[in-house]
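Protein chains: 2
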Amino acid sequence: VAKKVRGISQDVNVAKVTVVGVPDRTGVASAIFDALARANISIDTIVQNASINRITDLTFTVTKNDLTKAMKVIDPVVKSIGARECTSDSKLASVSIIGAGMQSVPGYAAKMFRALYEAGINIELITTSEIRITCIIDESKAGDAVRVLHRAFELEQGA
Amino acid sequence: VAKKVRGISQDVNVAKVTVVGVPDRTGVASAIFDALARANISIDTIVQNASINRITDLTFTVTKNDLTKAMKVIDPVVKSIGARECTSDSKLASVSIIGAGMQSVPGYAAKMFRALYEAGINIELITTSEIRITCIIDESKAGDAVRVLHRAFELEQGA
Ligand SMILES: C[C@@H](O)[C@H](N)C(=O)O
Ligand SMILES: C[C@@H](O)[C@H](N)C(=O)O
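So the protein sequences, as listed, match chains A and B. Its first residue numbered 1, the first sequence is counted upward by one per residue in my numbering. Its first residue numbered 160, the second sequence is counted upward by one per residue in my numbering.
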């Protein structure tokens, strides 16, 4: 299982905005990201899970420097789309395992999540792509997370 | 804005499982994915948004053929971790825009979401990586989605 992971990456410059209680109807994601694009705010990660009773949350991450501006931009959109509120967290980091073909071989996510669990690190958000599993965690745990993931996947630190 | 997107991909063999109301404490994600790995189930996408009042949902996608098995495997885990329930949807597809450096230039997510909105396609889940923005949608809309995204990003179909 360790073999397909070729690197661990981290980003400690992570802040998140969660638009809470967005109506799950067409045009809502578009409204949120149009506003951010017009304000020229770069977005790193976007996470939206499935809705329940046609309501869901939409989270995006920005650099810590952009958080105040993003919240200002989003505030009127919250009202216009009928979302409940907008929350933010500026004390986050992301850690990722990077590799090819991880989806075809079960066990990589399990191994990553177990390593974080055993180090007492709570997983705040999860997002994945074909070559990457990313966990957003508390920024104070980023160093520990990178270390335990290197060990779990048998990589030299600096890989 | 169109220039950084070099391709549109789709996957119509998508089914999702959502573990609803999972307690947001360490070890929960690990328990879910340990069970799936032991059953040798390949996981495509994982989505977990931020918790509210220490409760969140965790969604993962599998092939449509693996859905029944995944639900069987997850059922006892739902109880053991104290989640509320487990739901599934076998009628999904994913569409992605693929490109390099999209995060450094605002507007790609906005353009993708607007194209889907204008085509009347609801976005069920969103997940991203550095090179990819993925929307999970109703499987019946996959063809339309691919077509409107090619047009929005000025790509020849087949790109
Ligand atoms: C919630 C949001 O993604 C909505 N479903 C949309 O399509 O815009
Ligand atoms: C919800 C789940 O991700 C939990 N926070 C964990 O760390 O396992």
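Just so you know, even glycine gets a beta-carbon here, dropped at the ideal spot from N, CA and C.
Item	Value
Mind checking if Gly-258 of chain B is an interface residue toward chain A, Cβ cutoff 7 Å exclusive?	no
So does the stretch 37 to 46 of chain A actually touch the stretch 185 to 196 of chain B, counting three or more Cβ pairs closer than 8 Å?	no
Select from the stretch 160 to 182 of chain B all residues with a C-beta closer than 8 Å to any C-beta belonging to chain A, and list them in chain order.	Lys-175, Thr-177 and Val-179
Buried or exposed for Ala-93 of chain A, going by 16 or more other Cβ atoms inside 10 Å?	buried
Can you pull out the residues from the stretch 194 to 216 of chain B whose beta carbon lies closer than 9 Å to at least one beta carbon of chain A?	Ala-194, Leu-195, Ala-196, Arg-197, Ala-198, Asn-199, Ile-200, Ser-201, Ile-202, Asp-203, Thr-204, Ile-205, Val-206, Gln-207, Asn-208, Ala-209, Ser-210, Ile-211, Thr-215 and Asp-216
According to a CB-to-CB cut-off of less than 7 Å, which residues of the stretch 260 to 273 of chain B neighbour chain A?	Gln-262, Ser-263, Pro-265, Gly-266, Ala-268, Ala-269, Phe-272 and Arg-273
On the three-state DSSP scale, how would you describe Gln-10 of chain A?	strand
How many angstroms separate the CA atom of Arg-54 of chain A from the CA atom of Ile-282 of chain B?	12 Å
Within the chosen definition, does the stretch 220 to 238 of chain B reach the stretch 72 to 85 of chain A through at least 3 CB pairs nearer than 8 Å?	no
Leaving out five residues on either side along the sequence, give the residues of the same chain with a beta carbon under 6 Å from the beta carbon of Arg-84 of chain A.	Val-20 and Gly-21
Under three-state DSSP, which class holds Val-307 of chain B?	helix
Within a Cβ cutoff of 8 Å, which residues of the same chain sit near Thr-246 of chain B, ignoring the five residues on either side of it in sequence?	Val-176, Thr-177 and Val-179
How long is the line joining the alpha carbons of Asp-138 of chain A and Ile-8 of chain A, rounded to whole angstroms?	17 Å
Nearest by alpha-carbon distance to Ala-119 of chain A: which of A:Pro-106, A:Leu-149 and A:Gln-103 is it?	A:Leu-149
Confirm, please, whether the CB-CB distance from Thr-215 of chain B to Asp-193 of chain B is below 7 Å.	no
Quick one: is Ile-233 of chain B near chain A, going by C-beta distance under 7 Å?	no
When you compare the CB positions of Thr-218 of chain B and Asn-65 of chain A, do they come within less than 7 Å of one another, or not?	no
Taking the alpha-carbon positions, what's the Lys-231 of chain B to Ser-201 of chain B distance?	15 Å
Would you list the residues sitting across from Ser-288 of chain B in a DSSP beta bridge?	B:Arg-291
Taking Cβ-Cβ distances shorter than 9 Å, what residues in chain B pair up with Gly-25 of chain A?	The displayed chain sequence assigns Arg, not Gly, to residue 25 of chain A. Result: Asn-281.
Measuring only from the beta carbon, is Ala-100 of chain A closer than 6 Å to any heavy atom that is part of ligand 1?	no
Just the chain B side, please: which residues come within less than 8 Å of Ile-133 of chain A by C-beta, in chain order?	Ile-205
Could you pull the start and end residues of the beta strand (DSSP E) that Asp-57 of chain A belongs to?	55 to 62
Which term fits Thr-134 of chain A, buried or exposed, when burial requires 16 or more other beta carbons within 10 angstroms of its beta carbon?	buried
I'd like the list of long-range same chain contacts for Leu-125 of chain A, defined as Cβ closer than 6 Å, with 5 residues on each side in sequence excluded.	Val-47 and Ile-136
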